[in-house]
Amino acid sequence: MILYNHTNEESAKDELQDRMTELKGIRRSYSNRIELCIKCMDSINQLRAKEDNIKIDTLYDKTQESLATFLKQISLIDNTVNQLENLQQNQAASLDETTKECQQSYEKIKKDYINNSIYNESIMIDFVRLQSHFQQEETVTEASIEPLPISEKVETNGTLFISEVKGKVIMPYTKEEVLTILKEHPQEYLNAQEVVDKVFTRDFSSYHHQAISRFKEAYDLVTKREKYSKTDGINLGIEMFGKRLLHPAIITACRTLDELDVYIDCLEKNEVDDFKIFDIEYELTPTLVKGSNSLWKEFFSGIFSKTKQKD
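The numbering used here puts the first residue of the sequence shown at 157, with every later residue one more than the last.
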């Protein structure tokens, strides 16, 4: 069926409205699936912490791939809906290149939605089976551990340390935060260093897919730390998804949305030295950059302006 191939203008407008309504419904479905992917990834990470298993890693990669697909589809849907709204406002009565593009996008979105949904369902089934398998094998034995006296010497760390060389990322933390966690969870952490290692340290590889990581960290910041709605988390995650010059670990290190807003403002003005909430130190493997690509120049100027070079 072709848009605006109608003798009645009202019928054409109704068809446009129906298509926009349908696309918005698909968008809501993708948003729900994004939430499910996030929960699945969190649960898979918990399984990874207990056992090193290639099936777990494969499932995580598939879920991450599915999440990236959903985010791209939402962007395509938003663009198509905007085009349809413009057509509706212009009340076009003839088929032009814009309506052809909308027609193609509309048909592709519907087709992809079916395929993506089937693929995602298979991932969820695999996840449930894998989770059930590990739950059956797991034997929980709780040993009684006497709480250790909190006499640890620990200093406040005001630096976000991102090290490709050491393969880890260390978040900023305060002395009070570490001691509070140690005091409240004496059976989980033996000393302050263990708190730092398990709570405030991440593997560098966990940010390998930076676009997905930006989405995930922004979503967690909004929903877990700021306690806003999941919809708000998805919206900010989509916004952060495309910010290629923003390392996702910086989002992790921000305790509030205000801190993130301040950093993004500094980044967009190319004034990252003005960001004073915490220091950022990079330790990257040297990379040969050929040519004069302006994006790489901007990227490295933004990074190394706050990098402390180490021998």
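Glycine included, each C-beta is placed from N, C-alpha and C at the ideal position.
- Among the bridge pairs identified by DSSP, N313 is matched with Y329.
- Within the same chain, and ignoring the five residues on either side of L416 in sequence, the residues whose Cβ sits closer than 7 angstroms to its Cβ are L377, I407, C410.
- Boundaries of the beta strand (DSSP E) around Y438: 435-439.
- Across the structure, E350 and N238 are spaced so that their CA atoms are roughly 51 angstroms apart.
- M197 is the residue among M197, N391, R381, E439 whose C-alpha sits nearest the C-alpha of M280.
- A residue is called buried when at least 16 other Cβ atoms come within 10 angstroms of its Cβ; T219 meets this threshold and is buried.
- Here K309 is exposed: its Cβ has fewer than 16 other Cβ atoms, across all protein chains shown, within 10 Å.
- If one requires a minimum length of 3 residues, the beta strand (DSSP E) runs lying completely within the segment 319-377 are 324-326, 357-359, in chain order.
- With respect to L232, C258 sits apart: the two C-beta atoms are not nearer than 7 angstroms.
- By the Cβ test, the segment 327-334 is in contact with the segment 344-361, since at least three Cβ pairs between them sit closer than 8 angstroms.
- In this structure, Y269 sits away from I212, with a CB-CB distance that is not shorter than 7 angstroms.
- Taking 8 angstroms as the upper bound for CB-CB distance, P404 and Q366 are in contact here, some 6 angstroms apart.
- Under the three-state reduction of DSSP, G393 is assigned to helix.
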